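**Student:**
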DNA sequence: ATAAATAAAGACAAAAAAGTCTTTTATTTT
DNA sequence: AAAATAAAAGACTTTTTTGTCTTTATTTAT
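Below, the structure is given as structure tokens:
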């Protein structure tokens, strides 16, 4: 009937993968264009453009227009955590919201799964906060991981 | 731009809340109708009907038509875990899927966050599997938790 | 038997997410 | 300056999810 709900939105999945790709290719003066990014991570090009433009507006990635333009990062951007990317694209409901969607859910007026869920969320957030783009740079360069769909 | 992605779908949130309400009101020979359920958990009535009919078809809850009809549970249903409800409505991607949406992601060909993510998923699944409807019955009857939106 | 109550089923509508296309703007190269 | 390249912006389309409405089937009470 419904089926297949994932942790992150498609936009967020593409966003994380694109950021990892840019981190991998980002060296001194190297920029990578949307076409190449989309090809590298196997995502729909115009949708990818929208997501990256959003991330660029929010300062998570740098870009310049024109020939030899494209997206790139400096040392500071490599320290961006997965949590920051997720928050920028999907918001913070995954980390802070009530599992049952109850607005008024809090310590004083908890939903049934409040305490169990809080632990999971905290855990998830901690993991994503502790994981920065640069942590993957080397292993991505060595080809130990893949970023393609299929 | 996008914002506010939650862990479960709306259908799943309503489904869990409705199941908790039925568990709470379900005593010998007591049935509860869709109208009352929707009111109790503050969900859209016709949408609630669709979700419950789906759960009923899948055997997670019992129902009978006609006067004094409605939804109810027996002892066995009270042992249903939150994981079973989530899987029935949202599927198992949350527990088994790749965080970055990569179909080919596995131990041999892992995505960058594969290992970190696996731990979270396992944790989440374990928590939801370990939590059954009957675990909330008493505290719900005592009014210690709430199931309303606002 | 008939009427009333209720879930089941399925068509329909609205909103949100995902994806595409076109035009504009900025930059570089010639 | 002009042409080419690439991101930015925004309108548009499609698909999925959420939500609504109407009709049908089943059960109970009268």
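Protein chains in written order, with the numbering used here: chain D, 1 to 150; chain L, 1001 to 1150. For each residue, glycine too, the CB sits at the ideal point set by N, CA and C. Please read all numbers here as calculations on a predicted model, not as lab measurements.
Could you confirm whether any beta carbon from chain D is found closer than 8 Å to the beta carbon of residue 1008 of chain L?
**Tutor:** Yes, residue 1008 of chain L lies at the interface with chain D (some Cβ there is under 8 Å from its Cβ).
**Student:** Compute the Euclidean distance between the alpha carbons of residue 61 of chain D and residue 1122 of chain L, then round it to the nearest angstrom.
**Tutor:** Those two C-alpha atoms are separated by around 32 Å.
**Student:** Could you please give me the residues that DSSP links to residue 1060 of chain L through a beta bridge?
**Tutor:** According to DSSP, which records beta bridges pairwise, residue 1060 of chain L is partnered with nothing at all.
**Student:** Relative to the alpha-carbon of residue 1066 of chain L, which residue among L:1040, L:1104, L:1031 has its alpha-carbon at the smallest distance?
**Tutor:** For the residues L:1040, L:1104, L:1031, the minimum Cα distance to residue 1066 of chain L belongs to L:1031.
**Student:** What did DSSP end up calling residue 8 of chain D once you bin it into helix, strand or coil?
**Tutor:** In the structure shown, residue 8 of chain D sits in coil (DSSP, three-state: anything other than H, G, I, E or B).
**Student:** Going by the beta-carbon positions, is the gap between residue 1009 of chain L and residue 1090 of chain L smaller than 8 Å?
**Tutor:** Result yes, Cβ atoms of residue 1009 of chain L and residue 1090 of chain L sit closer than 8 Å.
**Student:** May I ask you to report which of helix, strand or coil DSSP gives residue 1190 of chain L?
**Tutor:** Residue 1190 of chain L is absent from the structure shown; chain L starts at 1001 and stops at 1150.
**Student:** Does the contact criterion of 3 or more C-beta pairs under 8 Å hold for the region 1009-1026 of chain L versus the region 1040-1054 of chain L?
**Tutor:** Result yes; three or more Cβ-Cβ pairs closer than 8 Å.
**Student:** Rounded to whole angstroms, what is the Cα-Cα separation between residue 87 of chain D and residue 125 of chain D?
**Tutor:** For residue 87 of chain D and residue 125 of chain D, the distance between alpha carbons rounds to 10 Å.
**Student:** If we define contact as Cβ-Cβ less than 8 Å, is residue 48 of chain D a contact residue for chain L?
**Tutor:** Chain L contact via Cβ: absent.
**Student:** Roughly how many whole angstroms lie between the Cα atoms of residue 4 of chain D and residue 1083 of chain L?
**Tutor:** Whole-angstrom Cα-Cα distance: 14 Å.
**Student:** Return the residue from the list D:94, D:49, D:59 that minimises the CA-CA distance to residue 78 of chain D.
**Tutor:** Cα-wise, what sits closest to residue 78 of chain D is D:59.
**Student:** Going by alpha carbons, who is nearest to residue 108 of chain D out of L:1134, L:1092, L:1144, L:1119?
**Tutor:** If we check each option's Cα against that of residue 108 of chain D, L:1144 comes out closest.
**Student:** Can the beta-carbon of residue 146 of chain D be found closer than 8 Å to that of residue 1098 of chain L?
**Tutor:** For residue 146 of chain D and residue 1098 of chain L, no; Cβs fall outside 8 Å.
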